[in-house]
Amino acid sequence: MKLIIAIIQPHRLEAVKQALSNVEVFRLTVSDVQGYGRQKGHTEYFRGKELQVNLIRKVRLDIAVNEAFVKPTIDAIVQSARSGPGGKGQIGDGKIFMLPLENVIRVSDGTQGGEAI
Amino acid sequence: MKLIIAIIQPHRLEAVKQALSNVEVFRLTVSDVQGYGRQKGHTEYFRGKELQVNLIRKVRLDIAVNEAFVKPTIDAIVQSARSGPGGKGQIGDGKIFMLPLENVIRVSDGTQGGEAI
Amino acid sequence: MKLIIAIIQPHRLEAVKQALSNVEVFRLTVSDVQGYGRQKGHTEYFRGKELQVNLIRKVRLDIAVNEAFVKPTIDAIVQSARSGPGGKGQIGDGKIFMLPLENVIRVSDGTQGGEAI
Amino acid sequence: MRLRNLLREPAMRWLRGLIAVLLLLAMTAPALAQTAATAMPAATATPATTQAASAAAPVTGAWAQQNYDTGSTAWMLASTALVMIMMPGLALYYGGIVRKKNFLATMMTSYSALGIICVQWFIFGYMLAFGTSSNPIVQKFIGWDPSRIMMLGLNPITAVTGAPGAPAGGQFPVPETIFNMFQAMFAVITPALIAGSVAERMKFSAWCAFIFLWGTIVYDPLAHFIWGNGWLAQMGAVDFAGGTVVHISSGVSGLVAAIMLGKRAGYPKGNIIQPNSLGLTLTGAGLLWFGWYGFNAGSANAANGLACAAFLNTTIATAMAGLAWNFAEWVHHRRPTTLGIASGFVAGLVAITPACGYVALWSSPIIGFLAGVVCYGGAQLKTIFGYDDALDAFGVHGIGGFLGAMLTGVFASTAINTTAGVIDGHWIQLWYQFCVAGDAVVLAAVGTAVIVFVLDKTIGIRVPEQVEIEGLDFGLHGENGWQVGDIPAPSAVLPSNAI
Amino acid sequence: MRLRNLLREPAMRWLRGLIAVLLLLAMTAPALAQTAATAMPAATATPATTQAASAAAPVTGAWAQQNYDTGSTAWMLASTALVMIMMPGLALYYGGIVRKKNFLATMMTSYSALGIICVQWFIFGYMLAFGTSSNPIVQKFIGWDPSRIMMLGLNPITAVTGAPGAPAGGQFPVPETIFNMFQAMFAVITPALIAGSVAERMKFSAWCAFIFLWGTIVYDPLAHFIWGNGWLAQMGAVDFAGGTVVHISSGVSGLVAAIMLGKRAGYPKGNIIQPNSLGLTLTGAGLLWFGWYGFNAGSANAANGLACAAFLNTTIATAMAGLAWNFAEWVHHRRPTTLGIASGFVAGLVAITPACGYVALWSSPIIGFLAGVVCYGGAQLKTIFGYDDALDAFGVHGIGGFLGAMLTGVFASTAINTTAGVIDGHWIQLWYQFCVAGDAVVLAAVGTAVIVFVLDKTIGIRVPEQVEIEGLDFGLHGENGWQVGDIPAPSAVLPSNAI
Amino acid sequence: MRLRNLLREPAMRWLRGLIAVLLLLAMTAPALAQTAATAMPAATATPATTQAASAAAPVTGAWAQQNYDTGSTAWMLASTALVMIMMPGLALYYGGIVRKKNFLATMMTSYSALGIICVQWFIFGYMLAFGTSSNPIVQKFIGWDPSRIMMLGLNPITAVTGAPGAPAGGQFPVPETIFNMFQAMFAVITPALIAGSVAERMKFSAWCAFIFLWGTIVYDPLAHFIWGNGWLAQMGAVDFAGGTVVHISSGVSGLVAAIMLGKRAGYPKGNIIQPNSLGLTLTGAGLLWFGWYGFNAGSANAANGLACAAFLNTTIATAMAGLAWNFAEWVHHRRPTTLGIASGFVAGLVAITPACGYVALWSSPIIGFLAGVVCYGGAQLKTIFGYDDALDAFGVHGIGGFLGAMLTGVFASTAINTTAGVIDGHWIQLWYQFCVAGDAVVLAAVGTAVIVFVLDKTIGIRVPEQVEIEGLDFGLHGENGWQVGDIPAPSAVLPSNAI
Ligand SMILES: Nc1ncnc2c1ncn2[C@@H]1O[C@H](COP(=O)(O)OP(=O)(O)O)[C@@H](O)[C@H]1O
Ligand SMILES: Nc1ncnc2c1ncn2[C@@H]1O[C@H](COP(=O)(O)OP(=O)(O)O)[C@@H](O)[C@H]1O
Ligand SMILES: Nc1ncnc2c1ncn2[C@@H]1O[C@H](COP(=O)(O)OP(=O)(O)O)[C@@H](O)[C@H]1O
């Protein structure tokens, strides 16, 4: 089992969710994060003064999957999270991290392991 | 050492914290997340139009524990996070993920490993 | 590769970001969390009634690094995140967790592994 | 869903009734109006202060009559609008104090009161409170005058009202329609205040039914006793702008309702009292103060010296009460809070309400200081006695209103108005004031207990536990006051034609 | 950037034009003022109701003249302020309904209207709407009177205006300057309402140009037809406070503009309609109701019985409409929402607007009930027909305004004003009302279509897709309405000298 | 904690003093009142415009006297309420611009000013500013009149005040109590404006002491010089509604205090200027504009033509200034911001304040345009000179007020009021205006420097660094303006009886 963490652009969330359900990944956890990476921040204005905002809003997905689903999941994300024209991908589109996951327990009935995912 | 990530119902947070302190787990990190799983979302209304809200608010706990505490911690969460009548547990009550944790460092004094947890 | 998770005081964020860029770690993900640990909460007031607020605001950093960067990164955080007078560190300054990271994929071009970090 | 099934639902009873009454009245209205208008053509029309009219175009008939003072009419129009803004103000004030999940539902208590009570008032509430019964015994206790049902027998051009109980007001009559509306807003805010006691756990259907019944059974008679020339007015008790009619009655009713409803889940432990947005609460308090000028100075019913004196007393007592509450906090726990100054302002406004048109100017800071300190104490009572007066409607309005009613008897001065108090050597006034305050306590407590009991046995008064846990915003209204997520993520410099 | 390049930008054309006109006028102003003042010294000055002046200090010349009624002047001053607060109210009302990323940009539509239209109105808008043309044919369609350009020929002390079309108002003239300002606020809010239809996707430069042109081509003539003694007024059609001039015109224009702009990305799928802060929307609705008293009761142009009757009708219809909308929701999906009661209030205010100074008091709850139910239906139309009227400006203002205009013809009563309606047996009034409503529909639809078409072909009307996705707050204004992070983290007990 | 220890705390000195004075006055009040009332029975009572009183009930004695104009009284009551709402407005305006952690503490500066200054004003502030000294030399510099201490010698029914310095106002006296309150609100808002310069770092106890002393030493004398018939008024300088008394004085004091306090930690680097909620700032600006109508048009002290002219000038200058600020932004960095239009509106209001009752109508858009552009420049000065005027109180109020004072001398016209300016060929007026402006600059700068110096050496003026980092909301008031977490999590369809 793996825990897949993906950091994506907020406005790609709907598309990624769609792509994940196409590969039958229906469960995930979403949280709001702020990113700091290759992508430059943006400039806001305050009475004529420039204000550099360098932490950029991103969305983080945590998805626990069984081995068989790892590749489809990653592929689905990579394809659907790209924001450039023609789906080419551009700076700021995000990263995916894959971590080992030792166990999963479902709270409602206590089921453990792969079938609990 | 393990990192235990638990996704629970927001209104069970107090009960889970209580249960954890009963098994002497006093340290944890809480964050707001939104979940997407077996549980259906809910319907809000906007001037007569239905509005499907399918990302459901959850609370995420990150708890770093030494091996000896792994089982007590998971058991405490499983029992206290159930929300159904009579504590039976129902859809949406959440998941627990167990990840390997290689090291822990306490910032204030630099202590490393198990005793820093 | 490792995933380094650091929980720090919110007002040390700028200093930590600075320290990390000194050791050439330029990418990270920040999120708002609430902590619960050795540090006591604080008291707010509501019409004369005391209100114990025991979840304390912290900031969480997720940083994926190659092996060579692990130690510099941790050292940079430990030093810059301390908030006491004279940088001595005090309760509440936070924790760093080190997790194994199996793979990293960059969304924009699909690059995998160490060079994608 | 099928309409037929829906109309069988218990929760809809009140709405069905309301609509039925309304349609009935609407259908018979023209006929009724004609009869009433013929029967009592000049019921309340008292021609006064007619100015010489040399208008450009000659106007004839009713339109040429001007038996009201335009200056006072202007002030009453403005005052009524000012009292209306107290409802949005109260919604923010209360809404900011509750937890995030009950934000909208708490605001809704004020807005629904605006809807329900305005209509109730127009149909029969005004008549019950301010109608003049032909039978003097009935008149002592309730107003009864068919010409004031839906204002059917009222000539909107010629009917005027002088200021009831305000000596100098009689000079400056205003059209009765605006007097009606001014009083309507009082009838609205009084039950809306009760929401502070029952917040975060009362069913919405029960709330709607409650305020409708409470307005009819408790508020309308009480207003009649004092302001509609009922038995308390005849005795000599005074209440300038509603210390007893509005604040004691709502505060005491809140206490009774809160006890009958029971405590919120988790009370008094847990972070149940963590306000979701004190900035909105402060803004609400500001709007309340602003609108209260209409409430208090408007109660002179004229743009006269009395209105100005009431305005001054209101300002000074309020300011002082805010300082006093902060002072009490400083003594108590070393933190003058923002909720504290806001609460103190409200406490001062409450206490000066019955007094502002009667007491000597120099007494206003004293009344304010006492209001701030005493109401701060009042807010601690619930911890001692263990009831859950969620937002301190009793602690501030009940106790502050009582204090103000008594202090009116102390500081009333003939330099301001015709009533003398203790400082003028007129000790009996204290007894009158105690009567009026005590009467409000009893009527409010009994009336509320009966209504809540009946509602509990019929439609139920408390939300299911699940709704209380998950929040009333969604549970009652299918909405959420605060959103997570969805904050934009601007990422780059935009093309120059973007704007 | 270089100023020269900047001035070549297409988006700046309107600003350049505005400044040019302004500077030109400023330079010629003193000369012009003198000429105009000489040429028509007492254009609108109608001496009336002069009170005996026995002031302490003798005042001479123009200052001794008081040809207006101070009571009515007080009410018009207050009313104009009240209408002004409707813009911040509308900004909150609309701003709270959109998504977080478009919060500020939506509020900005109201604030920019305040800036742009007030200036347009002062320079020539007032003249177009309320100037009296010497040529009676021209006068039927537009106002033309050089003395009212920038008020150059107006004597601020002696020029007075009676109430246009209000029979009792003529007795109480008010200075023309305040009449001008009162009407200015009407001219501001009307285009601001259109923002509800085009929200979340219109370019800011296009918006600015649109409201400037729309105010000039659509609003000013329409106001002239009915209130400036133009052809509709001469026919006998009535509109007390703007059901057609303000609400039909803005609602229909919104519909046309929304269709021409196209739907928002993602509409109707996705969570595009998740309001970011309904608490602010409720507060905005409260401010709108509050300010609407100035709008409606102020339209009597005097502090008279008619103003008070309009006030009463406004209150009752609004309250009832809020209940009715909640009732419709209850029947439809079992959840009376807070957005529902707020929307119902606005619908009631819209429908009673043309009626409030004409209809019998007892008819106001009926008008309110119909407004609530019909506008609830109106808000469902977009789902059926598939246009994207984002915040239901058409559904509420267009449909509610039409309903109100027609019901005015039904319930108008000579007990209130000089116009008789169907209940008085005067059936032809319905036809007049249909004419005035239909005229507003046609003029608004055609005018809007032309303006939007021209803007689309020149500066473009819709934001780039990237801006729409990332949010208009940042895309148009370089700001963000909601912040993430940065909440303080108090950690310890503080030293006692900290405060 | 023990009360005895507490009273020894330095931070409580001011409160102790205040209470002592208050109690003392309260105890001697009745005696004093009698003496004063006997000694000067009709001090300011100028019988005027008595209308024929034919009221229904005969009223006798003082109550029968009506020596004021009800229309003007109505407007002054409304105006005073309008100025009061500027404090909640200012709290939102400032509160929305600071960082989240200082939101409540910033709002608190306005609310605490309401509490402290209203009480100070009532006790002796009004006397210092508007009392008439028997000694003509003293009268030039300060008011001194024991009958106005706590209004003890004032007959609230018969004492009236005409409009000081307003030629047409003298015809329409209003009760002195409302004049007192109107001016009280001016005394409140002026120090509250200073908070904009010292935001995010000043101690609350120091703030309270500062505004109390500043009101006494700087504001009261300055108001006396110009409005209390002091030396500047005698010279011929004019300031209609407070360009110098209110805006120059607060702006300059802000600058001095900001420099003496030092910069905020992290200034000018870091994201120290990220506003936490511009939507609230816009709403605050809207409330300010709304309330400013009372401020400016109310300064005519009557519901007369002058008030209406002031209203018009206020509207047009404000609208134009908002556009001008956005225009400057467009030229500067291509983004017309929402904070920009709000700031421009405020700048316009500031600049038109001294001018609105004196200048020709056509000059208002010119004044507005200059205000918007010049104050935009003013806000950039701090970057150049390196002081930390956090929310630009100096940049907008100081500079805008100075601009307005001078432009009053340029555009003053005898078509509006009795003072002639440069456009009427009266060049000396510019010199008078320079004197009044310069005087305000000097008095404010010196007074502020002395007060801040003394406070710094005694109780300290700046919060500990820890409090600045963790936020003043918690550090000073033990509260938090914004909450994390606790958003409800509705999860399922509810049982049908849930509502
Ligand atoms: N090494 C890393 N550790 C943690 N987060 C990262 C890392 N690299 C990227 N991120 C996250 O991914 C987001 C996108 O990164 P960015 O550098 O803009 O993308 P890319 O390099 O793929 O174009 C960042 O904003 C940050 O939140
Ligand atoms: N495989 C998963 N990966 C990530 N998060 C998950 C996964 N499964 C469940 N969750 C999280 O746990 C929450 C509860 O899931 P749900 O499917 O409703 O619970 P259950 O299946 O235990 O009844 C979800 O809302 C989601 O946030
Ligand atoms: N074992 C743990 N598991 C998860 N989070 C932890 C753990 N220990 C500490 N934390 C996080 O780190 C923060 C700082 O912890 P604290 O106990 O105050 O620090 P320290 O012990 O290093 O002085 C806590 O608020 C919590 O969020």
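Chains as they are written, first to last, in the working numbering: chain A, 4 to 120; chain B, 4 to 120; chain C, 4 to 120; chain D, 153 to 651; chain E, 153 to 651; chain F, 153 to 651.
Heads up, the beta-carbon is just placed ideally off N, CA and C, and yes, glycines get one too.
### Task
Let me have the residue list for ligand 3: C-beta closer than 6 Å to any non-hydrogen atom, ordered along the chain.
B:ARG30, B:LEU31, B:THR32, B:ASP65, B:ILE66, B:ALA67, B:ARG109, B:VAL110, B:SER111, B:ILE120, C:ILE10, C:GLY38, C:TYR39, C:GLY40, C:ARG41, C:GLN42, C:ILE59, C:LYS61, C:ILE94, C:GLY95, C:ASP96, C:GLY97, C:LYS98
### Task
Please report the Cβ distance between LEU559 (chain D) and ALA480 (chain D), rounded to the nearest whole angstrom; I am assuming they are in contact, meaning their Cβ atoms lie under 8 Å.
Their Cβ separation, rounded to whole angstroms, is 18 Å, which puts LEU559 (chain D) and ALA480 (chain D) out of contact at 8 Å.
### Query
Can you find a heavy atom of ligand 5 that lies under 7 Å from the Cβ of VAL574 (chain F)?
With respect to ligand 5, the structure shown offers nothing to examine, as its ligands consist of ligand 1, ligand 2 and ligand 3.
### Task
Rank E:GLU352, E:PHE276, E:PHE293, E:GLN335 by C-alpha distance to the C-alpha of ARG300 (chain E) and give the top, closest one.
E:PHE276
#### Entry: Contact set between the region 37 to 68 of chain C and chain D, restricted to residues whose Cβ is under 8 Å from the partner
GLU47, TYR48, PHE49, ARG50, GLY51, LYS52, GLU53, LEU54, GLN55, VAL56
### Message
Could you tell me the alpha carbon to alpha carbon distance between CYS360 (chain D) and ALA265 (chain D), rounded to whole angstroms?
### Response
8 Å
### Query
Smallest Cα separation from HIS14 (chain B): which of B:ILE120, B:VAL73, B:GLY97?
B:GLY97
### Task
Could you give the DSSP three-state label for LYS98 (chain A): helix, strand or coil?
strand
### Task
State buried or exposed for GLN42 (chain A), treating a residue as buried only when at least 16 other CB atoms are found within 10 Å of its CB.
By the neighbour-count rule (16 or more Cβ atoms within 10 Å), GLN42 (chain A) is buried.
### For LEU613 (chain E), the three-state DSSP class (helix, strand or coil)
In the sequence as displayed, the identity of residue 613 (chain E) is Ile instead of Leu. In the three-state reduction of the DSSP assignment, ILE613 (chain E) falls in the coil class, being assigned neither a helical nor a strand state.
### Task
Under 7 Å Cβ to Cβ from LEU365 (chain F), same chain only, skipping five residues before and after it: list those, please.
Cβ within range, chain order: ILE603.
### Query
Going by other Cβ atoms of all chains shown within 10 Å of its Cβ, with 16 needed for buried, is PHE442 (chain F) buried or exposed?
Classification of PHE442 (chain F): buried, given that the 10 Å Cβ count is 16 or more.
### Message
Checking 8 Å against the spacing of the C-beta atoms, do GLU631 (chain E) and LYS253 (chain E) come in under that value?
### Response
no
### Query
At least one CB of chain F closer than 8 Å to the CB of GLN635 (chain E): is that the case?
yes
### Task
Would you kindly check if the distance between the Cβ of GLY496 (chain E) and the Cβ of VAL404 (chain E) is under 8 Å?
no
### ASN25 (chain C) to GLN55 (chain C) span [Cα, whole Å]
One C-alpha to the other measures close to 39 Å.
### Task
Measuring only between beta-carbons, confirm whether ILE249 (chain D) sits less than 8 Å from chain F.
no
### Query
Beta carbon of VAL36 (chain B): closer than 7 Å to some heavy atom of ligand 2?
yes
### Message
Suppose the cutoff is 7 Å on Cβ atoms and the five residues either side in sequence are ignored; what does the same chain contact list for LEU434 (chain E) look like?
### Response
Scanning its chain for C-beta atoms nearer than 7 Å, with the 5 sequence neighbours on each side dropped, one finds around LEU434 (chain E) the residues THR490, ALA494, in chain order.
### Query
In three-state DSSP terms, what is ASP221 (chain E)?
coil
### Query
Of the choices C:GLY95, C:LYS20, C:GLN21, C:SER34, whose alpha-carbon is the least far from that of HIS45 (chain C)?
C:GLY95
### Query
Based on the DSSP output, what are the partners of SER34 (chain A) in its beta bridges?
Here SER34 (chain A) is bridged, per DSSP, to A:ARG63.
### Task
Please list the partners that GLY630 (chain F) has in chain C, where partner means a Cβ-to-Cβ separation under 8 Å.
THR46, GLU47, TYR48
### Task
With 9 Å as the C-beta to C-beta threshold (strictly closer), list the residues of the region 319 to 343 of chain D near chain E in chain order.
VAL326, PRO327, GLU328, THR329, ILE330, PHE331, ASN332, MET333, ALA336, MET337, VAL340
### Delimiting residues of the beta strand (DSSP E) encompassing ASN106 (chain A)
106 to 109
### Message
Could you compute how far the alpha carbon of GLY552 (chain F) sits from the alpha carbon of VAL502 (chain F)?
### Response
6 Å
### Task
Taking all protein chains shown into account, decide if ASN456 (chain F) is buried (16 or more other Cβ within 10 angstroms of its Cβ) or exposed.
Classification for ASN456 (chain F): buried.
### Residues sharing a beta bridge with MET354 (chain F), DSSP
F:ARG614
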